[in-house]
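**Student:**
Residue numbers (the working numbering), protein chains in the order written: chain A, 3 to 113; chain B, 1192 to 1303.
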């Protein structure tokens, strides 16, 4: 059974600081997705990573995928308050488009 | 604009009552999914459909039912057999791996 684990579960950080969220998964997959969820809202797509070594960047967020280590990272550079949200990674199991979601990382950026 | 529409946004269910959540998409996507999210938790797959008139159980299908009579529509019924239905329900569709899921805005179901 595929398991997807994120850490940390909660992250409180000061504006201007850098930090990394980790997403580990337990079986082989080369399709990983990152989403953002604001309180009470749906999920918004951030990044699509489809191969080993894939790196995507958008603004202060950068995501990478290491399929051999079964690890994806979401790096935050110079955090701002607007980045406060819950971030989820999701892994596609055996190409069936059935995503298994991580537990989520609740990020709070303090002014 | 293309997208996924879920309705209603809020739904209240009495004990022993069946309720149906609507999910409609105009993205021409073949595959559609229903996920459940409990407070502070990740998403868990209830049912999914990869083609019209066919659907499969996800990880937590007990107490739920679906139909897929049209490509655009994938309604979810929460039956009285679901003992703890209070949650946020999200519908998604996908047209290919390149873009991943597109989500609807969700339905928040509460038992009263």
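Built from N, CA and C at the ideal position, the CB exists for glycine as well.
Note that the structure is a prediction, hence the values are computed from the model and not measured.
1) Ends of the beta strand (DSSP E) at residue 110 of chain A?
2) According to DSSP, simplified to helix, strand and coil, what is residue 84 of chain A?
3) By the 10 Å Cβ neighbour count, where 16 or more other Cβ atoms means buried, how is residue 1242 of chain B classified, buried or exposed?
4) How about residue 1195 of chain B and residue 1228 of chain B: do their beta carbons lie closer than 8 Å?
5) Quick test of the definition: if touching needs 3 or more C-beta pairs under 8 Å, does the region 1260-1271 of chain B touch the region 12-23 of chain A?
6) Mind listing which residues of the region 1277-1289 of chain B have their C-beta closer than 7 Å to chain A's C-betas, in chain order?
7) Under the rule that 16 or more other beta-carbon atoms within 10 Å means buried, what is residue 93 of chain A, buried or exposed?
8) Can you tell me whether residue 11 of chain A is helix, strand or coil according to DSSP?
9) Per DSSP, residue 100 of chain A forms a beta bridge with which residues?
10) I need the DSSP call for residue 60 of chain A, collapsed to helix, strand or coil.
11) Check the Cβ-Cβ distances between residue 1294 of chain B and every residue of chain A, and say whether any is below 8 Å.
**Tutor:** The relevant details are as follows:
1) To locate residue 110 of chain A, count along the first chain from 1; it is residue 108. Counting along the chain, the beta strand (DSSP E) containing residue 110 of chain A begins and ends at 107-112.
2) For the purposes of this step, residue 84 of chain A is taken as the residue at position 82 of the first chain. Correct three-state label for residue 84 of chain A: helix.
3) What you label residue 1242 of chain B is simply residue 51 of the second chain in a count that begins at 1. Label assigned to residue 1242 of chain B: exposed.
4) Numbered from 1 along the second chain, position 4 holds the residue referred to as residue 1195 of chain B. Numbered from 1 along the second chain, position 37 holds the residue referred to as residue 1228 of chain B. Going by beta carbons, residue 1195 of chain B and residue 1228 of chain B fall outside the 8 Å limit.
5) Short answer: they don't touch.
6) 1281, 1285, 1288, 1289
7) Your numbering for residue 93 of chain A matches position 91 in the first chain. By the 10 Å Cβ count, residue 93 of chain A comes out buried.
8) As a first step, residue 11 of chain A is located in the first chain; it is residue number 9 there, counting from the start. Three-state DSSP puts residue 11 of chain A in coil, outside helix and strand.
9) Within the first chain, numbered from 1, the residue matching residue 100 of chain A stands at position 98. DSSP output for residue 100 of chain A lists no bridge partner at all.
10) Numbered from its first residue, the first chain carries residue 60 of chain A at position 58. Residue 60 of chain A: strand per DSSP, three-state reduction.
11) One-based indexing of the second chain puts residue 1294 of chain B at position 103. So, interface residue.
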